[in-house]
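Comments concern the structure below.
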Amino acid sequence: MSVEATGDGWRGVAAEEQDHLSDRVSLLLRTRSRRLLGDLLRPHRRGMALLVAIIVLSSAAGLAIPYLVAVGIDDGIPPMLRGGGPGTLFVIVAAVVAAALTQALTRQAFLRLSGRIGQDILLELRRRVFDHFQRLSLSFHEKYTSGRVISRLTSDVEAIAELLASGLDGLVTAVLTLVGTAAMLLLLDAHLAVVALLPLPLLLLFTRWFRRGSSVTYRRTRETVALVIVHFVESMTGIRAVQAFRREPRNQEIFERLNQDYRDANMRGMRLVAVFMPGVKLIGNVTVAAVLLYGGWLALHDAVTVGVLAAFLLYLRQFYEPMQEISQFYNTLQSASAALEKLSGVLEEEPAVAEPRHPAALPYAKGAVRFEAVEFAYPDGPPIIPALDLELPAGQTMAVVGTTGAGKTTLAKLISRFYDPVDGRVLLDGVDLRDLDEAALRRSVVMVTQENFLFSGTIAENIRFGRPDATDEEVVAAARAIGAHAFVAALPDGYDTQVGKRGGRMSAGQRQLVAFARAFLADPAVLILDEATSSLDVPSERLVQRALRTILADRTAVIIAHRLSTVEIADRVLVMEGGRVVEDGPPQRLIAGAGRFARLHRAWVESLA
Amino acid sequence: MWAAAVLGIAAAILTPLVGKEIIDGPVAHGDQDALLPLGLLALALGVAEALLTFLRRWSQAAPVLGLETAIRDDLYRHLQRLPMRFHDEWQSGQLLSRATTDLSTIRRFLGFGVLFLVMNVLQLTTVTVVLLRMYWPLGLLVAGSAIPVIILSNRFEKRYIRISRQVQDEQGDLATFVEESALGVRTIKAFGRRRHVAATYDGLAGKVYRTSLEKVRLSSRFFTFLEVVPNVTLAMVLLLGALAVGGGWLTLGTLVAFTTLVLQLVWPVTSLGYILAMGQEAMTSADRVVEVLDTVPEIDGGAQVVAEPRGHLRFEGVGFRFPGAERPVLRDVWLEVEPGETIAIVGATGSGKTTLTALVPRLVDVTAGRVTVDGHDVRDLSLPSLRSVVATAFEEATLFSMSVRENLTLGRGDATDEEIRAALEIAQATFAYDLPWGLDTRIGEQGMSLSGGQRQRLALARAVLGRPRILVLDDTLSALDVETEALVEEALRAVLADATGLVVAHRASTVLLADRVALLQDGTITHVGRHADLLAEVPEYRALLAQDADLDQEEALR
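Protein chains in written order, with this note's numbering: chain G, 1 to 609; chain L, 1001 to 1558.
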């Protein structure tokens, strides 16, 4: 697959899944990343300027040391040999110490300041991305798996942290050392400097070769490790099925092959460095030998002093050491820019269900829901709901039945504004849902689904999730009302029991009861139950149903259920088929008739036997 | 590899000595003829050093990467063997970071850190020895400068360990929170709690921020200290060396060589800090990996195989208790399932039904009594043998990122097309043929998404395809609508006719698949019998299954 060279196909997170990007798209993506980077750096302009000043000072002090040593040898020693005092020498030694201390202090200041700026940027980036993910609509999260969210907020953010923490420092120091050293050499002796700097173009060419090669191996490494990760995570989350179906040997085979590919990619990377680093060293050492020869010859003819020769040898050492940093820097830079590309893509995604600019006021919702010519379809998909008009008076309990794919869940998601209609509008008490701010909407409409997600923490904390200011008594009362109190009270720590990883220490039915109590405590005007009782055993379901009669008495409710037992408490039944309402009326009347619901009901009664 | 490393250092140390010879020899005495050979010697040494470095780096890639790859393979193999109990407690993200980040940290340290550490120490000692031999008073001074470095490194290391572990832990907490809020995004949205969640995240991120800053401050102090020491030493060498030259105890060439050598020490000493930090992190990583590798798989296969399985299943006084739990989940369970018979397990939420079924394929092990298949204790059977006799369809249908066909043949790679079709028909899952690429359509996290009901039907087809002697169905039909459920049940009846079945049931309709029903109450089986009999005789059973009991009537009875 490749992104079209025209259009907006590259926008948002789309480019993440592409194997090949056209040059134009890569350019656009790079611009986007740079914009984000600029955005993040802008508040720190002053700090950055200060950093540059500090590091220039630091490098200057560092560079001065070999020079001062040379001066010491040339100017400090001869007077003493002539029988003079060590005065000059003392001055020079003092200067060396001063330079060393200056370098140390500025270095420390640099590390601290750059560390702080880096951490500030990271914190800002973390907050921004996290908040944006939470803001993005459900339709986004349905496509963008949780695994990807997690890797954006962990490994990608860490890649940028790595760049900020060590990469930049290394590069800046290396470049300054390179430039400063060259300047010092020219200052000391132009002739000898030309010899010493002659290999520089060669070095630059060599570095460019390395950069190209490393960007290829880097990409290969990322690709192979991604496959290792996907396979690993999948087999660990599905380990129950893996073990039950003896999948281990085949899994091991696949994993070892992927791991081998990853190894090969790493091998290429390491071998590339194995050529590059000694190559740099070779160029450096040959230069040192040439300087020794030429400088020795010059010294022989008194064209340079011994001190200058010594300084040259010292500087050349410094000149080639930082190349190591540069090779490291490329990897850090590449992973950071890949990360930046993805993060900027996420931030570019617009929530499909956006908050209104000028929210309408709805201090207290009565719970009247109206669908006006509502049409819904997924992008590029056939209509799920072609055109729906529906009036749900406040306080009514409506059951929705129909086969899988009839559009029941879509209906629920439209009322709770997880989706927005493509056409038409959904109204709550006469206000378009799109005009309500999030707080008002969520206070009024709550949906309980089959997947009862519990957060790690205690049972009480989970029940309180929808209304954090509820008292302990209210929490217990909610649990009691829904029939969850008995099992919670029987637990060793009662309401303070930790639910464990994603509620893993509780059975599906127990989780569902807690989720019910949570929704009940939130006390919404409109309550939507989407298959919310499917994991309960019959006695619990009966308890919940009995509770529902009281709970739903004064609020609007939409109940979606496969099991018709739930339907019995409804004032009204809606039978859906292919996104349309095919039957609508009180349950008794529909049962008495000869329609779909009557048939379903008969089949269900028989199944109870 | 090590030979190349040592020779490389030797070459690096010798080069300044040649410089000394040039300054003290040809330059001092105006001996032009000696210049060229010495210069060429320096060249040869330089080339040799580069060549040796290349050899070292090139040859070290294979063993270091080989080690990393081997450990990762082992880790994966080990994790696949560890029982469900282990996996229930460990987030897969935690395991992943061990298999990737931690192993890479170890690799970097081994490929880079250890070598540099050894080389640095080697270089430091050799250079010091050379310096001592050149002019011992100055050499002693340089050697002495190592003392504060060693003392401070020690102190720094302890604090650095503490703080980097704290950063790691806090980052772990942050990652866990991210994971939870990504998985629970529907719930967060349903209750409009975005701001609350963001505030919690901010708190955790702020913690990481503060600890990271503390870490930066600590290392900035230490790293700068490491830079100051060699530079101050250099100044001292210059001072005392110059005085010595002035006094005629030292030649100028020796002083130049001396300062060059001392300057050569700056990098090894400075990098010591980084390497020590790296070593620390590698140690922590190694601890984390070993923690997993050292977990003993409590469930290990025996040696026996069931040659001709008949499917005779017996629970003999079975008990199960989570470690540290007060009350057992199961106690004194006795149950016999004859070959070909199907038993339904009925019980309230949390009565231990799922645990009971997990005992058969040994996803968990009994803590009392035993489970036997055809007279063999399941713990004496080899795992492949046992698990080919028993197939399970779980309530949560797990599908992997591969083709439908591969997902179905998980338990039996040699299944024919006809067998696959039969299994799909039983599970009412022939929709699989209508997917874009039919059975070769990729599904799972990385592929096409299927509805809960579709997933359950495929998982059921997978279990039936194995044609197992013992079929365990753990509330497999919960996500199906009533009509599909009826069709699946009809087809299952044929499969269960000749296989031994253990079916967890919530609904009367599912119970009717079974010949007999076992009622599980408070972790033990209280009644076994036919559905109609239990319904008539056992009130608890009726309460659990008699869905048609009219609510009002029941309320009136209270």
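Beta carbons: idealized from backbone N, C-alpha and C, even for Gly.
Residue span of the beta strand (DSSP E) that contains residue i, given as start and end
{"i": "Val1528/L", "result": "1524-1529"}
{"i": "Arg580/G", "result": "580-585"}
{"i": "Met576/G", "result": "572-577"}
{"i": "Ala1518/L", "result": "1516-1521"}
{"i": "Arg268/G", "result": "Taken as a continuous stretch (DSSP letters only), Arg268/G belongs to no beta strand (DSSP E), being part of the alpha helix (DSSP H) at 248-300."}
{"i": "Thr556/G", "result": "556-560"}
{"i": "Gly424/G", "result": "423-428"}
{"i": "Leu1502/L", "result": "1500-1504"}
{"i": "Glu1406/L", "result": "No beta strand (DSSP E) contains Glu1406/L, which is instead part of the alpha helix (DSSP H) from 1404-1408."}
{"i": "Arg370/G", "result": "369-377"}
Counted within 10 angstroms of its Cβ, other Cβ atoms place residue i as buried (16 or more) or exposed
{"i": "Val1121/L", "result": "exposed"}
{"i": "Tyr294/G", "result": "buried"}
{"i": "Pro1297/L", "result": "exposed"}
{"i": "Gln510/G", "result": "buried"}
{"i": "His1029/L", "result": "exposed"}
{"i": "Gln1123/L", "result": "buried"}
{"i": "His191/G", "result": "exposed"}
{"i": "Pro1230/L", "result": "buried"}
{"i": "Asn1154/L", "result": "exposed"}
{"i": "Lys413/G", "result": "buried"}
Cβ of residue i within 8 Å of any chain L Cβ
{"i": "Met236/G", "result": "yes"}
{"i": "Gly466/G", "result": "yes"}
{"i": "Gly12/G", "result": "no"}
{"i": "Ala522/G", "result": "yes"}
{"i": "Asn266/G", "result": "yes"}
{"i": "Ala196/G", "result": "no"}
{"i": "Glu281/G", "result": "The amino acid occupying residue 281/G in the given sequence is Lys; Glu does not appear at that position. So yes, Lys281/G belongs to the interface."}
{"i": "Glu248/G", "result": "yes"}
{"i": "Met184/G", "result": "no"}
Contact with chain G by residue i, beta-carbon distance below 8 Å
{"i": "Val1364/L", "result": "no"}
{"i": "Ala1494/L", "result": "no"}
{"i": "Trp1058/L", "result": "yes"}
{"i": "Lys1020/L", "result": "no"}
{"i": "Phe1394/L", "result": "yes"}
{"i": "His1506/L", "result": "yes"}
{"i": "Leu1196/L", "result": "Note on residue identity: the sequence assigns His, not Leu, to residue 1196/L. Yes, His1196/L counts as interfacial toward chain G."}
{"i": "Leu1213/L", "result": "yes"}
{"i": "Arg1162/L", "result": "no"}
{"i": "Val1216/L", "result": "yes"}
{"i": "Glu1049/L", "result": "yes"}
Limits of the alpha helix (DSSP H) - the one that residue i falls within
{"i": "Val157/G", "result": "157-162"}
{"i": "Glu1540/L", "result": "1539-1545"}
{"i": "Thr224/G", "result": "200-237"}
{"i": "Glu1396/L", "result": "That residue, Glu1396/L, is in no alpha helix (DSSP H); it is neither H nor E in DSSP."}
- Query: Just checking, does the region 1069-1083 of chain L make contact with the region 255-262 of chain G on the three C-beta pairs under 8 Å criterion?
  - Reply: yes
- Counting only runs of 4+ residues fully inside the region 1315-1392 of chain L, write out the alpha helix (DSSP H) ranges in chain order. 1353-1359, 1383-1389
- Message: Three Cβ pairs or more, each shorter than 8 Å: is that satisfied between the region 1308-1317 of chain L and the region 1139-1150 of chain L?
- Response: no
- Task: Flag this pair as touching only if the region 1002-1019 of chain L and the region 1036-1055 of chain L have three or more C-beta atom pairs under 8 Å; answer yes or no.
- Result: yes
- Task: Check whether the region 1337-1351 of chain L touches the region 1493-1507 of chain L, counting contact only when three or more Cβ pairs, one atom from each stretch, lie closer than 8 Å.
- Result: yes
- Task: Mind the definition here: the region 151-158 of chain G touches the region 308-321 of chain G only if three or more C-beta pairs lie below 8 Å; say whether that holds.
- Result: no
- Message: Is it the case that the region 401-419 of chain G contacts the region 571-579 of chain G, given that we only count it when at least three CB pairs across the two stretches are under 8 Å?
- Response: yes
- Unbroken alpha helix (DSSP H) runs of length 4 or more, entirely within the region 306-353 of chain G: which are they? 306-320, 323-348
- Message: Closer than 8 Å is the cut-off here; do at least three beta carbon pairs connect the region 440-448 of chain G with the region 522-532 of chain G?
- Response: yes
- Item | Three-pair Cβ contact test at 8 Å for the region 280-293 of chain G versus the region 168-178 of chain G | no
- Query: Which parts of the region 48-91 of chain G are runs of the alpha helix (DSSP H), unbroken and 4 residues or longer, counting only runs that do not cross its ends?
  - Reply: 77-81
- Query: Are there three or more Cβ pairs, one per stretch, closer than 8 Å when the region 175-194 of chain G is compared with the region 360-369 of chain G?
  - Reply: no
- So does the region 1257-1266 of chain L actually touch the region 109-121 of chain G, counting three or more Cβ pairs closer than 8 Å? no
- Stretch pair the region 83-92 of chain G + the region 1202-1215 of chain L: three plus CB contacts closer than 8 Å: no
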